[in-house]
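Q:
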Amino acid sequence: MEPELLADYACETGEGPLWNAAEQTIYWCDIPQGRMFRLDPATGEHEQFYAGPVVGGFTFQQDGAILLFMEKGRVATLRDGALTTVVPSIEAELDSRFNDVIADPCGRVFCGTMSTDTQKGTLYRLDTDGSIRPVQADVGCSNGMGFTPDRRRMYHTDSFRREIYLYDYDGPTGAIENRRLFASLPETDGFPDGMTVDAEGCVWSAVWDGGCLIRFDPHGKEMLRVAFPARKVSSAVWGGSDYRDLYVTTAGGNVKETDGEHAGALFRLRPGVQGVPEFASRIGLT
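Here our numbering is used: the first residue of the sequence shown is 12, the next is one more, and so on.
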């Protein structure tokens with residue numbers, strides 16, 4: 012199970028990989044540089060298709076648009092190169108930005124922000140009617156999220172605390188409650204970053220400054236570590252026609268001399284495990 016290098020754009024913070032099932036392509040972004048990319052695994056062709064304001068995370072809308080989560084709490088759709096604002100800003104996030112997001116089974120989006128020097132980050136829920144509300148305060152660095160296969164629980168990572176939490180999740184209302192610790196990493200291992208869940212209910216967590224991807228069983232016990240030729244492994248998502256390909260982003264392309272020759276590149280793993288599709292968002296759609 013060796014990581015396969017697919018594309019190296021030397022991303023400063025390569026993040027948010029997301030499989031587009033309609034196109035059979037993989038998308039990802041470089042957060043601080045305001046760049047977005049896509050790759051066709053069938054041909055190996057890839058391109059940068061967006062250069063603009065910072066994108067901390069994104070989802071695919073059910074109608075085919077891309078929903079971007081940006082600085083100052085701004086949310087916008089991207090279609091044919093044009094941005095349309097959905098949420099202009101969030102007053103509490105004028106000095107911050109979104110960092111990681113996930114659409115839920117009903118088309119809402121959970122979206123988290125970064126801490127600043129003056130305040131902690133927050134996990135928000137953007138509902139399909141376009142309204143947004145905080146659902147978890149006092150977050151160090153809001154990061155990887157996912158749902159259990161039965162859709163009754165949701166994971167959320169706080170990178171600065173080096174912890175992954177598990178919540179009870181209610182599909183009809185989007186409510187999350189009863190937060191408890193799922194897994195944690197010691198300081199020597201790095202920071203848990205983005206994550207995804209496979210069809211067996213196991214969690215794959217990317218480890219920033221740890222140079223690896225960790226697979227946890229449904230009870231939070233470490234099962235496997237896969238090493239990468241990049242120090243900052245940032246996120247992972249399932250893709251391919253049968254969801255057996257695991258696409259992994261990395262960061263540090265601006266400091267390759269310390270973080271690795273292919274820091275900031277996109278990789279693919281074929282671990283012999285089947286994944287599950289991510290959900291589409293339905294913000295503003297009937």
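Just so it is clear, CB atoms sit at the ideal spot from N, CA and C, and this is done for glycine as well. Note that the coordinates shown come from a computational prediction; the quantities given were computed from them, not determined experimentally.
Buried or exposed for residue 104, going by 16 or more other Cβ atoms inside 10 Å?
A: Buried, because 16 or more other Cβ atoms sit within 10 Å of the Cβ of residue 104.
Q: Tell me the rounded alpha-carbon separation between residue 220 and residue 260.
A: 13 Å
Q: Output needed for residue 55: all residues of its chain with C-beta closer than 8 Å, excluding positions within five of it in sequence on either side, in chain order.
A: 17
Q: Taking 8 Å as the threshold (C-beta atoms), are residue 112 and residue 139 in contact?
A: no
Q: Can you give me the start and stop residues for the alpha helix (DSSP H) that residue 270 sits inside?
A: 267-270
Q: At the 8 Å Cβ level, is residue 162 part of the contact set with chain C, yes or no?
A: The structure shown has no chain C; it contains just one protein chain.
Q: Between residue 208 and residue 118, what straight-line distance do the alpha-carbon atoms span, to the nearest angstrom?
A: Rounded to the nearest whole angstrom, the CA to CA distance from residue 208 to residue 118 is 18 Å.
Q: Thinking C-alpha only, which one of 116, 149 and 169 is nearest residue 180?
A: Checking every option, the nearest Cα to that of residue 180 belongs to 116.
Q: Starting from residue 164, trace the beta strand (DSSP E) both ways and give me its first and last residue.
A: 164-169
Q: Quick check on this structure: which residue in 273, 252, 159 and 262 has the alpha carbon closest to the alpha carbon of residue 227?
A: Here the closest residue by C-alpha is 159.
Q: With DSSP collapsed to three states, give me the class of residue 93.
A: strand
Q: Three or more C-beta pairs under 8 Å: does that hold for the segment 120-139 against the segment 45-61?
A: no
Q: How many Å lie between residue 87 and residue 72 at the Cα?
A: 11 Å
Q: Is residue 200 helix, strand or coil by DSSP?
A: helix
Q: Give the list of continuous beta strand (DSSP E) stretches no shorter than 3 residues that lie fully inside the segment 109-150.
A: 109-114, 120-124, 132-137 and 143-150
Q: Just to confirm my understanding: we take residue 129, look at its own chain, exclude 5 residues before and 5 after, and list those with CB closer than 8 Å. What are they?
A: In chain order, 106 place their CB closer than 8 Å to the CB of residue 129, counting only its own chain and leaving out the 5 sequence neighbours on each side.
Q: Pairs of beta-carbons, one from the segment 145-155 and one from the segment 83-98, closer than 8 Å: are there three or more?
A: By the Cβ rule, the segment 145-155 does not count as touching the segment 83-98, because fewer than three pairs are nearer than 8 Å.
Q: By Cβ distance, which residues of its chain are closer than 7 Å to residue 231, with the 5 residues on each side in sequence left out?
A: For residue 231, where only same-chain residues beyond five positions count, the Cβ hits under 7 Å are 193 and 194.
Q: Can you name, in chain order, every residue of its own chain whose Cβ lies under 8 Å from the Cβ of residue 263, other than the five neighbours on each side?
A: 23, 241, 242, 243, 269, 270, 271, 274 and 275
Q: Put residue 33 into one of helix, strand or coil per three-state DSSP.
A: coil
Q: Taking residue 176 and residue 164 to be in contact with their CB atoms under 8 Å, please state how far apart those CB atoms are, rounded to whole angstroms.
A: Their Cβ separation, rounded to whole angstroms, is 10 Å, which puts residue 176 and residue 164 out of contact at 8 Å.
Q: Please determine, among 267, 65, 249 and 293, the residue with the shortest C-alpha to C-alpha distance to residue 279.
A: 249
Q: Nearest by alpha-carbon distance to residue 202: which of 33, 184 and 169 is it?
A: 169
Q: Between which two residues does the beta strand (DSSP E) harbouring residue 333 extend?
A: One cannot answer for residue 333 here, as it falls past the ends of the chain, which runs 12 to 297.
Q: What's the call for residue 285, buried or exposed, on a 16-neighbour Cβ count within 10 Å?
A: exposed
Q: With DSSP as the reference, label residue 293 as helix, strand or coil.
A: coil
Q: DSSP three-state label for residue 76, please.
A: coil
Q: Could you check where the beta strand (DSSP E) with residue 234 kicks off and where it finishes?
A: 233-238
Q: By the 10 Å Cβ neighbour count, where 16 or more other Cβ atoms means buried, how is residue 191 classified, buried or exposed?
A: exposed
Q: From the DSSP output, in three-state form, read off residue 186 for me.
A: coil
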